[in-house]
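In my numbering, the protein residues as written are 1 to 68.
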């Protein structure tokens, strides 16, 4: 099962909790806002992805499970 990640860039404040919690999935762009690492756009199997979404102080990260 893969986890699909959606980052609401209008809500993100650049706290960086996602990148600290799941560094294999998230990074911060040049402006300090959350971004997915290359290769993670189509989903991830990283178990920490859901925890990173929960760690976001403004709820900018949404995750959904996919079966493909």
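The beta carbon of each residue, even a glycine, is placed where N, CA and C say it ideally should be.
Only a predicted model underlies this, so the values are computations on that prediction, with no experimental measurement involved.
Evaluate residue i with the Cβ neighbour count: other Cβ atoms within 10 Å of its Cβ, from every protein chain shown; 16 or more gives buried, anything less gives exposed.
{"i": "residue 64", "result": "exposed"}
{"i": "residue 44", "result": "buried"}
{"i": "residue 76", "result": "The shown model of the chain, from 1 to 68, leaves out residue 76, and the question about it has no answer."}
{"i": "residue 30", "result": "exposed"}
{"i": "residue 22", "result": "buried"}
So residue i is in the beta strand (DSSP E); what residue range does that whole segment cover?
{"i": "residue 35", "result": "34-36"}
{"i": "residue 49", "result": "First-last for residue 49: 49-55, but that is the alpha helix (DSSP H), not the beta strand (DSSP E)."}
Leaving out five residues on either side along the sequence, give the residues of the same chain with a beta carbon under 6 angstroms from the beta carbon of residue i.
{"i": "residue 11", "result": "58, 60"}
{"i": "residue 40", "result": "25"}
{"i": "residue 14", "result": "32, 33"}
{"i": "residue 53", "result": "61, 63"}
Verify whether the separation of the beta carbon atoms of residue i and residue j is less than 9 angstroms.
{"i": "residue 49", "j": "residue 5", "result": "yes"}
{"i": "residue 35", "j": "residue 7", "result": "yes"}
{"i": "residue 47", "j": "residue 17", "result": "no"}
Provide the residue span of the alpha helix (DSSP H) that contains residue i, from first to last.
{"i": "residue 21", "result": "17-21"}
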